[in-house]
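Novice: This is the structure I have questions about; it appears just below.
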Amino acid sequence: MGRNAPRRRGTSALVSTLAVALVAAALAVLPQNGASADPAGSASEITLADPADTQPRTDRPLMAGTSGFLHRQTGITGLLWTDYADGTSTVVKNADGVYVPAGSCASLGGPNCGVAWYGSDSDLVALPSAGSVALWDPATRTTTSITTKEAYRGLAGRTVLTEYAVHDLVDGTWRSRAIKPDFMRITSLAVKAADAHGALIDLGSSVYYLDLATATATEAFSGPYSQQYEVLDDDRIGWYDSASSELHLKPRTDPGADEQVIDLPSPGTQLDGAPVLSGDWLLLPLYTGTGTSELRAVSLKDGSSHTLAAKAGSYLLGASGGTALVTGGTGASDWWVRRFTEAADGTPGLEQLAQIPAKENAKTGLALSRGSLRVAEDDPSGTADTTSLRTLAVTGGQLTASAPEAGDEVLSRCPYPGVTCSVLWGNRGDDPRDAFLGTTGSGLTGKDRLSAMNDGSSNWTLEFGTTGGHIVDVSDDYAVYESGGTAPEQYIGEFGQGQKLKRSVRAAALSGSTLWSASTTGKLTSYSLAEDKTLATVTVPGMSCVPSELQAAGRWVYWACGTDSAGVYDTKAATSRAVSGGDVLLGDGFTVRHDHAAGTLVLTEAATGATRVVASDLPEKGTATDRRYRWTVDEYTGLVAWFDLFEQTHVATTGVTPSTVTAFRSETTSYVGSGTPFQGSWLLSRPVSSWSVTFASVQSGARGKATRTVTGGASTARVATDWSGTTVDNARFPNGGFTWTLKATGTGTASAVTVATGEGFLQGGAPVRHDFGSVDGVDGRGDLLTLNSSGGLTFQSGTGTGKFGEKISGSGWATSIKAVPFGDLNGDRCNDVLVRLSSGALRAYKPRCGAAVTPTTSYTTLASSGWTQYDVLTSPGDVSGDGRPDLIARVASTGTVYLYKGTSTGTLSARVKLYDNWKSYKKIVGAGDLNGDGIGDLLAQDTSNTLYRYNGKGDGTFAARVKVFGDWGGSYDTVVVVGDITDDGRADLVSRDTGGNLYRNNGDGKGSFGSRTKIATGWGGYRSVS
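Quick note: the numbering used here has the sequence shown finishing at residue 1053, numbered continuously throughout.
Quick look at the structure:
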């Protein structure tokens, strides 16, 4: 049906220009149930949702292409392109940045935004602007611009529709064709349906079908009713009368043919939006009054109705192939863009394409520390921002997060102009915790106050009486702050303690209690805040300035010289690697930089310099820096977190190998005694999956050296243990020194490393051979027992330095006695002394620990006579493996050697012969454990002055002899293996020569001794030394 219309301009008046520019990058839009994506190719990523509304976010599909679809969402500036294959969405950009719909399309639900205004049925998006339209290609993220003096009307497939013409690219050149017949003019909003092959044009009294192949418009329908909705699919064109429920159809190949009218059942309610023709189904969005629509499919064959979604969006979009796009689900957290499908048996259904994130409150800050994530968000009903906490973990390579828990509110001074934010400093490992800069007054008035959030309890705070300042760094107990004003100063404080340092402003960073500073070109200085001393000053390769910024994490220090240069210094290797500066945060072994121009977070590995993008399409907030506001790094675990367009939180692992676990702080006691356990607490440099503390005695007890290992599981920061000085089976450790070794397996690593070591001193434990005590009690050191010519029996106390010092003497002894230092025979944990009297009696004297032994000291008679037959009485310690001291005796007349085992009743068992004739040995010395196997050994010197060792076997016998020295000790009248007198845990040998000189040979712990050292003179007056 023709009508009068002004003639269009000639095709020569159409002007085309071509411009190409890079415009956008990808953003992973992930399911809200915690599923993960892998934008970096090797990392694990999760998306964390925190819906702020039960009502689903409105999503309006605008175009369905072959590889993805174009749509708009409430709360999102601009348009989104989402790929069918992986669900990733891209913010559409032109040369000026994010494309923002304007005019009649400014509102997402604007009724006057034309059909196909942004495109239809292709992977090409139209971005109209005044006088031109840019065509954006999702595959390349580039635009091609076409400029025309005619008004733009839409994009059908890859063909641009203007008022009087159609325009397409042929062999790379724009082709413009006038629409026929000549009177045909596409008015504003006249395009009612379109695909890659044609468009329905409503001119008021008639509907025309425009065939794009021929650029010819043919009248298809005339005189439609007011409540009409034009529809088309792959084969048909038509319109639906919502008043009568009649569907009018014609074949696309013959728009002039007679129409087919299908009388469909009334839906019983009004439409919420335009219907879609999809194959043999008409899809209707029906009004429900609940804020969502019901999606119903009506069969064109039999009129039957099928409810596809009880809750759906009102916007439907037809797509080629007999499909359509619609939104729907069960609620805000389960709302999807879905595609209409028809099963093989003809049953209609929906399949999910991409999840629509629920509406969330604006995020204002975030902190990430030791696997703890805190997110701050705007509270629409309050002044302060709310925070929530989650615990993150990596299990089997998969990152997981706990359910959110409410944290304290935060009212923070935002350091970034033009935005409202709550910048947070991750500090979650130990008290104090995540920190922010607030003020002493209400509503951010008053003096600056640094607050460390102690959720549910009073915050730790630091105040310096200043205003207008900012936080430089926070780590565990410590913070660096710079005041504002014309004469700023730098303060270093300890939460709970106050100010520690005040100095001029300079670059500074914290790593635990280590403060890094820069005030000299090319040099960095480390200072221990815990010990109040300088640790080191290092020269940094490539740092040809006094840095303006420092950051520290693990073994790495990031430095920046303004905008000129930046690098990462490896404190272990003393090397530096150049990196890009700017909006950067340092992690353990990497930097992350927000590239604001590209909208990406770029990771650079400190060890290799390799770079990769870990996050894309971060929304730009107009600030040069937005770290800790829109994104952050966990300097302890290698995690990175950021907020996306939808205000959802993303967290990703980096896969970068972290530094070896160290201890930021060790707090240990050094004494273990009765009722006084060892107490140890260590603040670790990063989270660990397991840890252990191994205690080891320096000295040997009756059963050798003792060890005890205490183990623990995963910890984010601090590990602690108590230890009472016993083994796992509750046996007591030997008296004297002990060592402890803390090992830990860092999270994400397989092997434990030594984190810290220390030593301590134990009393009240198991007695150590030859240790009879000092004025301070037993000390695990060997003591000599001397008898002088006046009948004084004296313990000469070992000093630990290889000599003897204090004396504990008991008088009244006959000079004819033979005193034998012995172990603990009666179980009182004090060593005893065997004394043979001239009568042949043998007694076991039991002095208290550290007390002298006198004739009146409590004793047990072991034998009343017969012991004068022995010319050698010596104790090698325990040689039978029962933990009790034993005695070796040699018969003078025959040289026969016997073993007397200690018993549980405090006596000696019947003798057992070991050897028949040892007359060839002029000295037999009980030596204790010489080779570290926990079994007592013997030394024997023959008449040719060869010294041999007999290793105890633990069954009451000895192995074959082993030569220790040849031509040794010919001038010695006394040889004693006194135990350890050098505090190295090895039994030492002391000898006296005929001149009264005393020598020491240090034991090597392997059964031999070092060269001799003279340690005393004038010992010739002692009748015996044992």
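Cβ coordinates follow ideal geometry from the N, Cα and C atoms, glycine included.
#1: Please confirm if the segment 346 to 361 is in contact with the segment 276 to 296, defined as three or more CB-CB distances below 8 Å between the two stretches.
#2: Buried or exposed: which applies to residue 288, given that a residue is buried once 16 or more other Cβ atoms fall within 10 Å of its Cβ?
#3: Can you name, in chain order, every residue of its own chain whose Cβ lies under 8 Å from the Cβ of residue 892, other than the five neighbours on each side?
#4: Suppose you measure from the CA of residue 664 to the CA of residue 618; what does that come to, to the nearest Å?
#5: Please work out which residues of its chain come closer than 7 Å, Cβ to Cβ, to residue 688, disregarding the five sequence neighbours upstream and downstream, and give them in chain order.
#6: Just the Cα atoms here: how many angstroms apart are residue 799 and residue 822?
#7: Could you pull out every unbroken beta strand (DSSP E) segment of at least 3 residues lying fully inside the segment 982 to 1047, listed in chain order?
#8: From 1013, 595 and 506, pick the residue whose C-alpha is nearest to that of residue 809; which is it?
#9: So what does DSSP say about residue 896, is it helix, strand or coil?
#10: Is residue 340 buried or exposed, if buried means 16 or more other CB atoms sit within 10 Å of its CB?
#11: Quick one: measure Cβ to Cβ for residue 761 and residue 792, integer angstroms, because I've assumed they're closer than 8 Å.
#12: Exposed or buried, what is residue 333 when buried is set at 16 or more other beta-carbons lying within 10 Å of its beta-carbon?
#13: For residue 376, I'd like the list of residues in its chain whose CB is within less than 8 Å of its CB, leaving aside the five on either flank, ordered along the chain.
#14: How about residue 489 and residue 521: do their beta carbons lie closer than 9 Å?
#15: Determine the direct distance from the alpha carbon of residue 607 to that of residue 53, and round the result to whole angstroms.
#16: Just how far apart, CA to CA, sit residue 1049 and residue 816?
#17: Count the other C-beta atoms from every protein chain shown that fall within 10 angstroms of the C-beta of residue 197, then say buried if there are 16 or more, exposed otherwise.
#18: Does the distance from the C-beta atom of residue 907 to that of residue 983 stay below 9 Å?
#19: Inspect the beta-carbon positions of residue 204 and residue 178 and report whether they are closer than 9 Å.
#20: Quick check: the Cα distance between residue 78 and residue 388, rounded to an integer number of angstroms?
#21: Expressed to the nearest angstrom, what Euclidean distance is found between the alpha-carbon atoms of residue 107 and residue 97?
#22: My guess is that residue 719 and residue 737 are in contact by the Cβ rule of under 8 Å, so how many angstroms apart are they, rounded?
#23: Under the rule that 16 or more other beta-carbon atoms within 10 Å means buried, what is residue 281, buried or exposed?
#24: If we count the other Cβ atoms within 10 Å of its Cβ and call it buried at 16 or more, is residue 423 buried or exposed?
#25: In chain order, what residues of the same chain lie with their CB nearer than 7 Å to the CB of residue 20, ignoring the 5 residues before and after it?
#26: On the DSSP letters alone, give me the boundaries of the beta strand (DSSP E) that residue 361 sits inside.
#27: Given this structure, state the Cα-to-Cα distance separating residue 567 from residue 577, to the nearest angstrom.
#28: Comparing C-alpha positions only, which one of 938, 936 and 949 sits nearest to residue 919?
#29: Kindly indicate which three-state DSSP category residue 1049 falls into: helix, strand or coil?
#30: Buried or exposed: residue 445, going by 16 or more other Cβ atoms within 10 Å of its Cβ?
#31: With distance defined between alpha-carbon atoms, name the residue in 138, 153 and 901 nearest to residue 145.
#32: Alpha carbon to alpha carbon, how far is residue 829 from residue 1043? Give it in angstroms, no decimals.
#33: Short check: CB of residue 859 to CB of residue 845, under 9 Å?
#34: Going by the beta-carbon positions, is the gap between residue 343 and residue 303 smaller than 9 Å?
#35: Report yes if the C-beta distance between residue 80 and residue 328 is below 9 Å; otherwise report no.
#36: If residue 264 sits next to residue 227, beta carbons under 8 Å apart, how far is it from one beta carbon to the other, in whole angstroms?
Specialist: The short version:
#1: no
#2: Locating residue 288 in the sequence shown gives position 261, where the first residue counts as 1. Answer is exposed; the Cβ neighbour count stays below 16.
#3: Residue 892 sits at position 865 when you count from the first residue of the sequence shown. Correct list, in chain order: 866, 867 and 868.
#4: Taking the first residue of the sequence shown as 1, we reach residue 664 at position 637. Taking the first residue of the sequence shown as 1, we reach residue 618 at position 591. Those two C-alpha atoms are separated by around 13 Å.
#5: Looking up residue 688 in the sequence shown gives position 661. Cβ within range, chain order: 711, 712, 713, 715, 771, 773, 780 and 782.
#6: Looking up residue 799 in the sequence shown gives position 772. Looking up residue 822 in the sequence shown gives position 795. Linking residue 799 to residue 822 through their CA atoms gives a straight-line distance of about 7 Å.
#7: 989 to 992, 999 to 1006, 1015 to 1020, 1025 to 1030 and 1036 to 1043, all fully within the segment 982 to 1047.
#8: One-based indexing of the sequence shown puts residue 809 at position 782. Measuring from the Cα of residue 809, the nearest candidate turns out to be 1013.
#9: Within the sequence shown, residue 896 is the residue found at index 869, counting from 1. DSSP, reduced to helix, strand and coil, places residue 896 within a helical segment of the structure shown.
#10: Here residue 340 refers to the residue found at position 313 when the sequence shown is read from its first residue. It counts as buried.
#11: As a working note, residue 761 is residue 734 in the sequence shown. As a working note, residue 792 is residue 765 in the sequence shown. At roughly 6 Å, the Cβ-Cβ gap stays under 8 Å, so residue 761 and residue 792 are in contact.
#12: Taking the first residue of the sequence shown as position 1, residue 333 is located at position 306. By the 10 Å Cβ count, residue 333 comes out exposed.
#13: Stepping through the sequence shown from its first residue, residue 376 is reached at position 349. Here the set comprises 335, 367, 368, 369 and 370.
#14: Here residue 489 refers to the residue found at position 462 when the sequence shown is read from its first residue. Here residue 521 refers to the residue found at position 494 when the sequence shown is read from its first residue. A contact, by the Cβ cut-off of 9 Å.
#15: Looking up residue 53 in the sequence shown gives position 26. Looking up residue 607 in the sequence shown gives position 580. Bear in mind that a pLDDT of 30 at residue 53, under 50, signals an unreliable position, so the number given afterwards is only what the model happens to contain. Distance between the alpha carbons of residue 53 and residue 607: 22 Å.
#16: Translated into the one-based positions of the sequence shown, residue 1049 becomes position 1022. Translated into the one-based positions of the sequence shown, residue 816 becomes position 789. If I take the Cα positions, the gap works out to 7 Å.
#17: If you number the sequence shown from 1, residue 197 lands on position 170. Classification for residue 197: exposed.
#18: For the purposes of this step, residue 907 is taken as residue 880 along the sequence shown, with counting starting at 1. For the purposes of this step, residue 983 is taken as residue 956 along the sequence shown, with counting starting at 1. Closer than 9 Å, so yes.
#19: The count along the sequence shown starts at 1 and reaches residue 204 at position 177. The count along the sequence shown starts at 1 and reaches residue 178 at position 151. Not in contact: residue 204 and residue 178 (Cβ atoms no closer than 9 Å).
#20: Locating residue 78 in the sequence shown gives position 51, counting from the first residue. Locating residue 388 in the sequence shown gives position 361, counting from the first residue. Straight across, the Cα-Cα distance linking residue 78 with residue 388 is about 8 Å.
#21: Along the sequence shown, one-based indexing puts residue 107 at 80. Along the sequence shown, one-based indexing puts residue 97 at 70. Answer to the nearest angstrom: the Cα atoms are 6 Å apart.
#22: Sequence index remark: in the sequence shown, residue 719 carries index 692 (1-based). Sequence index remark: in the sequence shown, residue 737 carries index 710 (1-based). Rounded, the Cβ-Cβ distance is 7 Å, consistent with contact.
#23: As a working mapping, residue 281 is identified with position 254 in the sequence shown. That one is exposed.
#24: Working through the sequence shown from its first residue, we reach residue 423 at position 396. With fewer than 16 other Cβ atoms within 10 Å, it is exposed.
#25: With the chain covering only 28 through 1053, there is no way to say anything about residue 20.
#26: Counting from one through the sequence shown, the residue named residue 361 turns up at place 334. Element bounds for residue 361: 361 to 369.
#27: The count along the sequence shown starts at 1 and reaches residue 567 at position 540. The count along the sequence shown starts at 1 and reaches residue 577 at position 550. Using only the alpha carbons, I get a separation of about 13 Å.
#28: As a working note, residue 919 is residue 892 in the sequence shown. Here the closest residue by C-alpha is 949.
#29: In the sequence shown, residue 1049 corresponds to position 1022, counting from 1. Three-state result, residue 1049: coil.
#30: The residue you call residue 445 lines up with position 418 of the sequence shown. Per the 10 Å Cβ criterion, exposed.
#31: Here the question's residue 145 lines up with position 118 in the sequence shown. With distances taken between Cα atoms, residue 145 lies closest to 153.
#32: As a first step, residue 1043 is located in the sequence shown; it is residue number 1016 there, counting from the start. As a first step, residue 829 is located in the sequence shown; it is residue number 802 there, counting from the start. Cα to Cα, residue 1043 sits roughly 11 Å from residue 829.
#33: If you number the sequence shown from 1, residue 859 lands on position 832. If you number the sequence shown from 1, residue 845 lands on position 818. Between residue 859 and residue 845, the C-beta spacing is not below 9 Å.
#34: As a first step, residue 343 is located in the sequence shown; it is residue number 316 there, counting from the start. As a first step, residue 303 is located in the sequence shown; it is residue number 276 there, counting from the start. Yes, they are a contact pair.
#35: Taking the first residue of the sequence shown as position 1, residue 80 is located at position 53. Taking the first residue of the sequence shown as position 1, residue 328 is located at position 301. No, they are not a contact pair.
#36: Residue mapping note: residue 264 aligns to position 237 of the sequence shown, counting from 1. Residue mapping note: residue 227 aligns to position 200 of the sequence shown, counting from 1. Residue 264 to residue 227, Cβ: 6 Å. Contact.
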